[in-house]
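For our numbering, count along the sequence shown from 1 and bump the result up by 264. Data block below; observations after.
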Amino acid sequence: MFEYVKGFCDSFLDRGMPGFDIEICKDTKRVFRYMNGYSDIENGVKMNGGERYNIYSCSKPITCTSALQLYEKGLFSLDDKLSDYMPEFENMTVQTPNGIKKAERPILIKHLFEMTAGFTYDCRSELLQRAINDTDGRCPTRQTIGYLAGQPLSFEPGEKWQYSLCHDVLAALVEQISGLPFEDYVKKNIFSPLGMDNSTFMLPEEQINTVCPLYRFENGKAQRADNRIIPYKIGTQFASGGAGCVSTLDDYMKFINGLYSYKLLKKETVGLMSTDRLNNCIKDAYWLKDNHGYGLGVRCPAHNESFSDFGWDGAAGSYLAIDIQNGITVFFACHLLSNPVQNMYPMLYRLIKAEMTDGDVQPVLDELKQIYNYTF
């Protein structure tokens, strides 16, 4: 079993990926673990399974899980206005073709989960730069997010789907409601209970070298990049809920299996999280709309029966899939920005699902040949 999965992952090395590590579980029990390539090309260090990665947007499901724990306690409703908890977001403006105008709709908390609040992903905006200057580069999470209230939204809240700083705002909301710094809340309620001892949203500067080398695919090859989470680490005290987590494969699988087994959230809440919430109008800009819907911070099953998973992926190539229907959990880890094979990850999931269920991989192989000219 998994010979096709193994071969497909190995092919990523031929396309420019330095190295990778993958684990597959059936009902939280490991059934496949495989790594190949190098974590450090220049020094000839092979993958060993203990690498720490900047997981970038794979941070988002952790942040959404944190917020949903507070939701389960009845501390907010999805339809509550954000300004009920963070008053600076009460009188928002919207950028329109005819200039800036007062927003007609309030930002609701559900809009943060759904990426429909109207924020952008401009981490170098004038207002965030002001936050850096005002705090001497510290940028405490809750304080810094407040600066976004002065920036016009791209559209009326709830009107469109747009990838943005929504989940960074959600992390600040967790701080506001829980009374704890976001990184402390996550450590207390997710990392420590699951034994995720190598994961953090606040990596000290002196521990940057504990993260395995980060690469960027440029000019047809992997080139060394800065290990820091740039530009998402806005300041030294900023915990980016959208991109700031450092973790390992072993740790992140604990998180994935914690969601799968309802250790972190109730079954009903996981169901809510993984249910498509976007109508056809809103999801027009959603780049996974052909295969998936979008729930509370994760891609999720929609009309395409080939995909029964929910999860997300990260800018440096990390990828998670949780398929409760078939008892499958997956984490694929690598450390390559501008990853040339990232768009092939859904096919990796399809291969895994085929090998673990009916064993009929031929339809997936046919699609790989047709779409990517890939053959085994």
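We treat Cβ as the ideally placed atom computed from N, Cα and C, and that holds for glycine.
Do you know offhand how far residue i's Cα is from residue j's?
i: Asp348; j: Pro495; result: 29 Å
i: Ala367; j: Leu412; result: 14 Å
i: Gln634; j: Pro627; result: 11 Å
i: Glu378; j: Trp425; result: 7 Å
i: Arg406; j: Cys430; result: 13 Å
i: Gly557; j: Gly314; result: 33 Å
i: Ile396; j: Ile493; result: 16 Å
i: Leu342; j: Thr360; result: 27 Å
i: Asn483; j: Tyr638; result: 22 Å
i: Gln333; j: Lys452; result: 12 Å
i: Asn362; j: Leu444; result: 41 Å
i: Ser511; j: Tyr302; result: 18 Å
i: Phe266; j: Gly535; result: 29 Å
i: Gly410; j: Ile305; result: 41 Å
i: Leu529; j: Lys310; result: 36 Å
i: Arg279; j: Pro604; result: 7 Å
i: Ser582; j: Leu601; result: 10 Å
i: Leu434; j: Phe640; result: 43 Å
i: His567; j: Ser525; result: 25 Å
i: Asp548; j: Arg541; result: 13 Å
i: Lys527; j: Ile364; result: 45 Å
i: Gly575; j: Cys328; result: 11 Å
i: Asp291; j: Glu352; result: 44 Å
i: Glu469; j: Asn462; result: 15 Å
i: Asp514; j: Val625; result: 28 Å
i: Cys273; j: Phe571; result: 19 Å
Have a look at the options and flag the residue whose alpha-carbon is nearest the alpha-carbon of residue i.
i: Ile319; options: Tyr524, Ile586 and Leu467; result: Leu467
i: Met350; options: Arg297, Tyr298, Leu437 and Arg541; result: Leu437
i: Glu644; options: Gly499, Glu619 and Met608; result: Residue 644 lies beyond the residue range present for the chain, which begins at 265 and ends at 640; the question has no answer from this structure.
i: Pro610; options: Leu277, Gly623, Lys553 and Ser602; result: Lys553
i: Leu277; options: Asn300, Lys531 and Gly308; result: Asn300
i: Gln415; options: Glu439, Asp386 and Ile441; result: Asp386
i: Gly308; options: Gly283, Arg294, Val295 and Asp291; result: Gly283
i: Ala618; options: Gly459, Cys509, Leu584 and Asp573; result: Asp573
i: His375; options: Ile409, Ser428, Gly410 and Ile396; result: Ser428
i: Cys509; options: Ile616, Arg316 and Ile441; result: Arg316
i: Arg394; options: Lys518, Gly499 and Asn312; result: Gly499
i: Gly422; options: Asn590, Ser442, Ala381 and Phe455; result: Ala381
i: Tyr516; options: Ala435, Lys547, Thr464 and Lys531; result: Thr464
i: Thr621; options: Cys328, Phe640 and Asn590; result: Asn590
i: Ile371; options: Ile364, Phe383 and Lys365; result: Phe383
i: Asn491; options: Leu458, Asn473 and Arg369; result: Asn473
i: Phe519; options: Leu346, Ile586 and Glu532; result: Ile586
i: Glu569; options: Leu542, Tyr613, Gln606 and Lys527; result: Tyr613
i: Ala486; options: Asp291, His599, Tyr298 and Ile616; result: His599
i: Leu339; options: Glu420, Met281, Ser442 and Asp624; result: Ser442
i: Lys345; options: Phe296, Ile373 and Lys293; result: Ile373
i: Gly559; options: Asp274, Gly578 and Thr533; result: Thr533
i: Glu439; options: Asn544, Ser330 and Phe455; result: Ser330
i: Ile454; options: Leu417, Leu523 and Asp432; result: Leu523
i: Arg294; options: Arg369, Cys545 and Asn521; result: Asn521
Locate the beta strand (DSSP E) running through residue i, then write down its first and last residues.
i: Thr357; result: Thr357 to Thr360
i: Lys293; result: Lys293 to Asp304
i: Ala597; result: Ile592 to Ala597
i: Phe446; result: From DSSP, Phe446 is part of no beta strand (DSSP E) but of the alpha helix (DSSP H) over Phe446 to Val450.
i: Ala489; result: Run containing Ala489: none; DSSP gives neither H nor E here.
i: Glu287; result: Gly283 to Lys290
i: Arg480; result: Tyr479 to Glu482
i: Ile364; result: Gly363 to Lys366
Could you tell me the boundaries of the alpha helix (DSSP H) in which residue i lies?
i: Gly522; result: Leu513 to Tyr524
i: Asp398; result: Glu390 to Asp398
i: Thr405; result: Thr405 to Gly410
i: Cys273; result: Glu267 to Asp278
i: Ala436; result: Cys430 to Ser442
i: Leu536; result: Lys531 to Met537
i: Phe377; result: Ile373 to Glu378
Pair every Cβ in the stretch 352-370 with every Cβ in the stretch 398-406, then say whether three or more of these pairs are closer than 8 Å. no
Mind the definition here: the stretch 283-292 touches the stretch 584-595 only if three or more C-beta pairs lie below 8 Å; say whether that holds. yes
Run through the stretch 316-344 for me and flag every whole beta strand (DSSP E) of 3 or more residues, listed as ranges in chain order. 316-318
Any 3 or more C-beta pairs closer than 8 Å across the stretch 381-395 and the stretch 441-453: no
The stretch 495-505 contacting the stretch 321-340, beta-carbon criterion three pairs below 8 Å: yes
Do the stretch 474-483 and the stretch 554-564 meet, that is, are 3 or more Cβ pairs less than 8 Å apart? no
Just list the alpha helix (DSSP H) runs in the stretch 553-632, keeping only unbroken ones of 4 residues or longer that don't cross its boundaries, in chain order. 609-620
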